[in-house]
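Working notes, structure below.
Numbering (the working numbering), first residue to last: 6 to 109.
So, in structure tokens, the structure goes:
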């Protein structure tokens with residue numbers, strides 16, 4: 006039986022973004038992710054950097070990550086604003102009264 010690390014050490018920062026057709030947003034956040042970790046010492050959750058495992062439900066894991074975090078870093082883009090999944094993440098962050106740091 007296997008317990009995911011995120012269930013033991015809960016990330017304080019959830020990174021919310023929309024990949025976009027060229028994945029440019031993902032590349033930007035992959036560079037920002039280690040800076041957040043190193044400068045703040047906070048654990049971060051990002052889907053492609055260990056937040057998601059093979060076969061896990063994307064919606065369920067992201068919902069759990071937003072619920073368990075303290076801060077949500079949001080990279081806003083036209084694709085983000087058009088995404089139903091991103092709308093769900095920001096809505097959950099607002100409902101659970103998370104601190105939101107917008108990046109434009």
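All C-beta atoms in this analysis are idealised placements derived from N, C-alpha and C, irrespective of residue type, glycine included.
The structure displayed is predicted, hence computed values, not measured ones.
Exposed unless 16 or more other CB atoms sit within 10 angstroms - verdict on residue 62 = exposed
Is it true that the stretch 36-55 meets the stretch 84-99, where meeting means three or more beta-carbon pairs spaced less than 8 Å apart?
-> no
As assigned by DSSP and simplified to three states, the class of residue 83 = helix
Determine, using beta carbons only, whether residue 108 and residue 78 come nearer to each other than 8 Å.
-> yes
Could you tell me the boundaries of the alpha helix (DSSP H) in which residue 39 lies?
-> 29-45
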